[in-house]
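Engineer: Quick one: the structure is below, and I'll ask about it shortly.
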Amino acid sequence: PRSTAATTSGQPRPAPSTAAKTATAGQIIQRATVPVLCYHQLRDWTKSDSQYSRFNLICPPRYFRAQLDALAEDGWTTISPDQYLAHLTTGAKLPPKPVILSFDDASVGHATEGLTQLAKRGLTGTFFVMTVVLGKPGWLSTRDVKRLADAGMTIGSHTWDHHAVTDLSGGDWKIQLEQTRDTLRKASGQPVEHFAYPYGVVSKKAFPHLSAAGYRTAFQLEAKKLDPSAPLYTLRRSIAVSTWSGASLLRNLSKQRP
54 PRSTAATTSG
64 QPRPAPSTAA
74 KTATAGQIIQ
84 RATVPVLCYH
94 QLRDWTKSDS
104 QYSRFNLICP
114 PRYFRAQLDA
124 LAEDGWTTIS
134 PDQYLAHLTT
144 GAKLPPKPVI
154 LSFDDASVGH
164 ATEGLTQLAK
174 RGLTGTFFVM
184 TVVLGKPGWL
194 STRDVKRLAD
204 AGMTIGSHTW
214 DHHAVTDLSG
224 GDWKIQLEQT
234 RDTLRKASGQ
244 PVEHFAYPYG
254 VVSKKAFPHL
264 SAAGYRTAFQ
274 LEAKKLDPSA
284 PLYTLRRSIA
294 VSTWSGASLL
304 RNLSKQRP
């Protein structure tokens, strides 16, 4: 088991420009083969949990641990979005079997079950936080965010209150992209340059606002293709199905690799 792992905003400008100096959009798309898994809550199911939630959004610890064990035993190495970005834009070498483990929303289990099990196996994760919930019962606190960052985890933005970017306009962008960036940067003590779209839903109108707010990558969900006009803002992720055994997880990862 292995892991290798301050901006200001003005008017929206066309971008992302990170790739323009180094790699073409075509090269980025060709290199974008690292599996990125998405988890949500890490807890046991309750009677009130829907079947959809049990399958996609709530991963009981016994399944989560089995999946991590399978990754470690099969030689997968967790990487950070920064490492992935360097690979995409400059061709920087990645370790064998790279994978990104990401966690959405900021449920408290990320700092308990998540951090404990990742650290136990020498793995890292990327935590996309919606800041409206910070400090509320059942959710991360700013102290938890700092603990995650200090443990070598990446902190990214998941907007302020999980509104789809398709619904945003006007002053919404400042609240959803910039204020959450500043809150997380202050809490974590690290740059906040990576973004995950709520519901995985992408809109081209978000691209210039993401660039203006200093985000270098943005991740969609379950989509097949990257947008050639902004591949770094349409990177793929897939749900880690809660009930997958370790073997099932490995089979699905093998399908995502070229």
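Using the working numbering, read the sequence shown as starting at 54 and increasing by one per residue.
Each residue gets a CB set at the ideal place from its N, CA and C atoms; glycine is no exception.
1. Less than 8 Å separating the beta-carbons of residue 195 and residue 240?
2. Spell out the partners DSSP gives residue 134 in its beta bridges.
3. Please report the residue range of the beta strand (DSSP E) in which residue 182 lies.
4. CA-CA distance, residue 169 and residue 182?
5. Tell me residue 247's beta-bridge partners as DSSP assigns them.
6. Can you look up residue 320 in the DSSP assignment and give me helix, strand or coil?
7. Residues in the same chain with beta-carbon distance under 7 Å from residue 243, minus the five sequence neighbours each way, listed in chain order, please.
8. Rounding to the nearest angstrom, what Cα-Cα distance links residue 204 and residue 95 in this structure?
9. Quick one: what's got a C-beta closer than 7 Å to residue 102's C-beta in the same chain, skipping five residues either side?
10. DSSP state of residue 87, grouped into three classes?
11. Is the separation between the beta-carbon of residue 43 and that of residue 141 shorter than 8 Å?
12. Could you compute how far the alpha carbon of residue 167 sits from the alpha carbon of residue 106?
13. Helix, strand or coil for residue 98? Go by DSSP, reduced to three states.
14. Tell me the start and end of each unbroken beta strand (DSSP E) in the segment 121-205 that is at least 3 residues and wholly inside, in chain order.
15. Is there contact here, the segment 289-296 with the segment 255-267, by at least three beta-carbon pairs under 8 Å?
16. Who are residue 291's beta bridge partners in DSSP?
17. Could you have a look at residue 106 and say whether DSSP puts it in helix, strand or coil?
18. Short of 6 Å in beta carbon distance, which residues of its chain neighbour residue 272, apart from the five on each side in sequence? Order them along the chain.
19. In the structure shown, what three-state DSSP assignment does residue 256 receive?
20. Please state if the CB of residue 266 and the CB of residue 231 are separated by a distance shorter than 8 Å.
21. Please check the pair residue 179 and residue 153, which I expect to be a contact at CB under 8 Å, by giving their CB distance rounded to whole angstroms.
Structural biologist: Looking at the atomic coordinates:
1. Your numbering for residue 195 matches position 142 in the sequence shown. Your numbering for residue 240 matches position 187 in the sequence shown. Cβ atoms of residue 195 and residue 240: closer than 8 Å.
2. Position 81 of the sequence shown, counting from 1, holds the residue named residue 134. Note: residue 134 sits in no beta bridge, so no partner.
3. Sequence index remark: in the sequence shown, residue 182 carries index 129 (1-based). Its beta strand (DSSP E) spans residues 179-182.
4. If you number the sequence shown from 1, residue 169 lands on position 116. If you number the sequence shown from 1, residue 182 lands on position 129. Answer to the nearest angstrom: the Cα atoms are 18 Å apart.
5. Stepping through the sequence shown from its first residue, residue 247 is reached at position 194. Bridge partners of residue 247: 270.
6. What is shown of the chain runs 54 to 311, which leaves residue 320 out entirely.
7. The sequence position of residue 243 within the sequence shown is 190, counting from 1. Contacts found: 202, 208.
8. Mapped onto the sequence shown, residue 204 falls at position 151. Mapped onto the sequence shown, residue 95 falls at position 42. So the alpha carbons of these two residues sit roughly 18 Å apart.
9. One-based indexing of the sequence shown puts residue 102 at position 49. Closer than 7 Å at the Cβ level, and outside the excluded window around residue 102, lie 111.
10. Within the sequence shown, residue 87 is the residue found at index 34, counting from 1. DSSP places residue 87 in coil when its eight states are reduced to three.
11. Given a span of 54 to 311 for the chain in the structure shown, any question on residue 43 remains unanswerable.
12. By one-based count along the sequence shown, residue 167 stands at place 114. By one-based count along the sequence shown, residue 106 stands at place 53. Approximately 18 Å between the Cα atoms of the pair.
13. Locating residue 98 in the sequence shown gives position 45, counting from the first residue. Three-state result, residue 98: coil.
14. 130-132, 151-158, 179-182
15. no
16. Indexing the sequence shown from 1 puts residue 291 at position 238. Bridge partners of residue 291: 90.
17. The residue you call residue 106 lines up with position 53 of the sequence shown. Helix, per DSSP.
18. As a working mapping, residue 272 is identified with position 219 in the sequence shown. Only 249, 288, 290 meet the Cβ criterion.
19. Within the sequence shown, numbered from 1, the residue matching residue 256 stands at position 203. Reduced to three states, the DSSP call for residue 256 is coil.
20. Locating residue 231 in the sequence shown gives position 178, counting from the first residue. Locating residue 266 in the sequence shown gives position 213, counting from the first residue. The answer is yes: Cβ separation under 8 Å.
21. The residue you call residue 179 lines up with position 126 of the sequence shown. The residue you call residue 153 lines up with position 100 of the sequence shown. The Cβ separation is near 6 Å, so the contact holds.
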